[in-house]
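Engineer: Residue numbers for the sequence shown, in this note's numbering: 138 to 571.
All C-beta atoms, glycine included, are put in the ideal place defined by N, C-alpha and C.
Since the model is a prediction, treat every value here as computed from it, not as a measurement.
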Amino acid sequence: MNVKTLLLLAAGVIAGSSSALTISDVSARQRYPWNNLVDIDFTLGDASADAQFKIDVKASYLGDTRILDARMFVTDLVVTPGTRRITWDLGKDYPGFKADDLRVAVTASPFTNGTDGVYMVIDLSGGKDAAKYPVHYTTKPPKHSVNALDACKTTEMWLKRIKCGSYMFCKGFESTGYFRVNLTKDFYIGIFECTQRQWAQITGSWPSSFINEQYRDTRPCENVSLNSSFGHTLWPKDKTPKSASPIDKMRKRTGLDTFSLPTEAQWEYANRCGYNGGLHSSYSYEQMCYNRSYDSLDGNFSVGLENGTACVGTYAPNAWGIYDMFGNVAEACLDASVESSNLQKFYGLTQGLPIEECTAANVVVSDPDGGPVKGTYEEGHDFKPYESSYQYWHVLRGASWCNTSGHMNHFNRITNPDNLKPACKGVRFVVTCD
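1. Identify every residue that forms a DSSP beta bridge with ARG317.
2. Using 8 Å as the threshold, is the C-beta distance between ASP238 and GLY200 below it?
3. Once the 5 residues before and after CYS561 are set aside, which same chain residues still bring their CB inside 7 Å of it?
4. Cα separation between LYS521 and ASN553?
5. Could you please give me the residues that DSSP links to GLY327 through a beta bridge?
6. Would LEU363 and HIS531 qualify as a contact pair, given that the criterion is a beta-carbon distance under 8 Å?
7. Which two residues bound the contiguous alpha helix (DSSP H) that contains TRP336?
8. For the candidate residues LEU214, ASP287, LYS229, GLY263, whose alpha-carbon lies nearest to that of TYR112?
9. Within the same chain, show all residues whose beta-carbon is closer than 8 Å to that of LYS322, passing over the 5 residues directly before and after it, in chain order.
10. What ranges does the beta strand (DSSP E) occupy inside the segment 230 to 283, keeping only unbroken runs of at least 3 residues that lie completely in it?
11. If you draw a straight line from the C-alpha of VAL564 to the C-alpha of ALA207, how long is it?
12. Of all the options HIS273, LEU296, THR244, THR451, which has the alpha carbon lying nearest to the alpha carbon of ALA196?
13. Just the Cα atoms here: how many angstroms apart are LYS229 and ASN549?
14. Going by alpha carbons, who is nearest to GLY263 out of ASN319, TRP457, GLN335, ASP472?
15. Rounded to whole angstroms, how far is the Cβ of GLY392 from the Cβ of SER382, which I believe are closer than 8 Å?
16. What residues in its chain sit with their C-beta under 8 Å from that of LEU174, if we drop five residues either side in the sequence?
17. So what's SER366 in DSSP terms, helix, strand or just coil?
18. Terminal residues of the continuous beta strand (DSSP E) containing ALA402?
19. Helix, strand or coil for ILE192? Go by DSSP, reduced to three states.
20. Grab the span of the beta strand (DSSP E) containing ASP226 for me, first residue to last.
21. Any contact of the segment 340 to 360 with the segment 444 to 458, i.e. 3+ C-beta pairs under 8 Å?
22. By Cβ distance, which residues of its chain are closer than 6 Å to THR292, with the 5 residues on each side in sequence left out?
23. ILE204: buried (16+ other C-beta within 10 angstroms of its C-beta) or exposed?
24. Could you pull the DSSP bridge partners for ILE551 from this structure?
25. Do TYR406 and TYR123 count as a contact pair if the criterion is CB distance below 8 Å?
26. Use the C-beta contact count for GLU423: other C-beta atoms within 10 angstroms, 16 or more gives buried, fewer gives exposed.
27. Less than 8 Å between the C-beta atoms of PRO271 and TRP295, yes or no?
28. Name the two residues that bound the continuous alpha helix (DSSP H) containing THR391.
29. So what does DSSP say about CYS289, is it helix, strand or coil?
30. By Cβ distance below 6 Å, which residues in the same chain neighbour THR220 in space, the five residues on each side in sequence not counted?
31. Could you check whether ALA186 and LEU158 sit closer than 8 Å to each other, using their CB atoms as the reference points?
32. Helix, strand or coil for PHE179? Go by DSSP, reduced to three states.
33. Along the beta strand (DSSP E) that carries ILE348, what are the first and last residues, could you check?
34. Report yes if the CB atom of PHE324 is closer than 8 Å to the CB atom of VAL567, and no otherwise.
35. Who are the near neighbours of PHE306 in its chain, counting only those whose CB is closer than 6 Å to its CB and skipping five residues on each side?
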């Protein structure tokens, strides 16, 4: 690009709302020393201070006769009212682009959970020896197709922003003993389970049982766990990943200090999509791989069997655009595993209530980080975490390809000794927003 200062196109009011929110003082300038980053400054006014808005940008040139769709940014695209700056990576979207009259238009719309949204894109193409993984943000979902070696499943990792909120937690299959879980921070969650190729890009290893090289890249990585991802099993007593663990590597290479596995609360909130009922009533069977039912997978072990994982994204996403939340692989969470009734005691609740009696005023837990591990539970409690001759047991959610449909349940909590890493156990990553 051969211009140093970009002309601006005045922006209008908020999109998709009757709100009087205004967008003013818009300016756009090429980053100095001159490169392909474009800083876009603007002011959002006349809205509540804690309101959240998604920012979209379009650009034009040649007298507004040519339109450019700004896709990749190096800053988050969810903002609150005030004077704000986002930075467009024009060079990534349009390598070698040059224009003398580039103009930008900024649009703000309410940020909500849904099929549209804001994505974080981590570039893993540098592989296991990379010093840095570039991070971008976009409002455009990835293009992908079944059985294709799409970048979003191999050399990139795509996570979607989830707006914080609350849901009703209850006691497993009983669908009773409710208490309300309140999440106070937004978070990004992987739209796909971590694939074998993504794991190899980060670590250089292929730990999965499904080793047919012709088919493995876009299948979920399994034979992995909390310990093999985080480096230890002492969450929440120790919330720092072990040095050189996969999560530690991702934090250092991306600069994302909260990159991790999800808490059980984050996982269930993203799974429910605002639904507070039982079983899997918010899903259809077209959205899950279960009961060894995916035919002709040809990805199993060293030969092609018909039982096993599906390529991520084969089945339809949930209402918030997240794939394979039920089935495929059961997903490891940070939380130590204790019975639901003991969780109520741990959080200081006498007992859970029927859902109609559970309000924000009586039975609420904010940002739970799971049950205790050795050395963290208080004296006087009459419970301990599950322990065995292996290690601590931790929570898995979502069930897997080898479970029956009865396990595809919002309430279903699976306990598993952490160093057991079967071919049905995988991971999905999150980044919690500050």
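Structural biologist: Checking against the coordinates, here is how it stands:
1. Under the DSSP definition of a beta bridge, ARG317 partners with MET305, VAL501.
2. The beta carbons of ASP238 and GLY200 sit closer together than 8 Å.
3. Excluding sequence neighbours, CYS561 sits near GLU359, VAL466, ALA467, SER537, TRP538, CYS539.
4. Low confidence applies here, because LYS521 scores a pLDDT of 48, under 50, leaving its location unreliable; read the following figure in that light. Cα to Cα, the separation comes out at about 15 Å.
5. Paired residues: LEU296.
6. Yes, these two residues count as a Cβ contact at 8 Å.
7. Counting along the chain, the alpha helix (DSSP H) containing TRP336 begins and ends at 333 to 340.
8. Outside the displayed span of the chain (138 to 571) sits residue 112, for which this structure offers no information.
9. Sequence-distant Cβ neighbours of LYS322 in its own chain, meaning closer than 8 Å and more than five residues away, are CYS301, ASP504, THR569, CYS570, ASP571.
10. Counting only runs of 3 or more, we get 240 to 247, 256 to 260, 272 to 275.
11. For VAL564 and ALA207, the gap between their C-alpha atoms comes out near 31 Å.
12. Selected option, being the one with the closest Cα: THR244.
13. Rounded to whole angstroms, LYS229 to ASN549 spans 43 Å at the Cα level.
14. Minimum Cα-Cα distance from GLY263 among the listed residues ASN319, TRP457, GLN335, ASP472 corresponds to GLN335.
15. Cβ-Cβ separation between GLY392 and SER382: approximately 17 Å, too far for a contact (criterion under 8 Å).
16. Cβ neighbours of LEU174 beyond the five flanking positions: GLN167, ARG168, VAL211, THR224, TRP225, ASP226, LEU227, GLY228.
17. The answer is helix: DSSP assigns SER366 an H, G or I state.
18. Taken as a continuous stretch (DSSP letters only), ALA402 belongs to no beta strand (DSSP E), being part of the alpha helix (DSSP H) at 401 to 409.
19. If DSSP states are grouped into helix, strand and coil, ILE192 belongs with the strands.
20. ASP226 -> beta strand (DSSP E) spans 219 to 226.
21. Below 8 Å, enough C-beta pairs join the segment 340 to 360 and the segment 444 to 458 to call them touching: three or more.
22. Setting aside the 5 residues that flank it on each side, THR292 is surrounded in the same chain by LEU261, SER262, each with a C-beta closer than 6 Å to its C-beta; the list follows chain order.
23. With fewer than 16 other beta carbons inside 10 angstroms of its own, ILE204 counts as exposed.
24. Partner(s): LEU533.
25. Only positions 138 to 571 of the chain appear in the structure, and residue 123 is not among them; the question remains open.
26. The predicted position of GLU423 is uncertain, since its pLDDT is 47 and thus under 50; a value taken from the coordinates is nonetheless stated next. So GLU423 counts as exposed.
27. Going by C-beta atoms, PRO271 is not nearer than 8 Å to TRP295.
28. Unbroken alpha helix (DSSP H) run through THR391: 383 to 391.
29. Here CYS289 sits in helix by DSSP.
30. These residues qualify, in order along the chain: THR180.
31. Not closer than 8 Å, so no.
32. The answer is strand: DSSP assigns PHE179 an E or B state.
33. First-last for ILE348: undefined, no H or E at that position.
34. Cβ atoms of PHE324 and VAL567: closer than 8 Å.
35. Excluding residues within five positions, the ones whose Cβ falls inside 6 Å are PHE316, VAL318.
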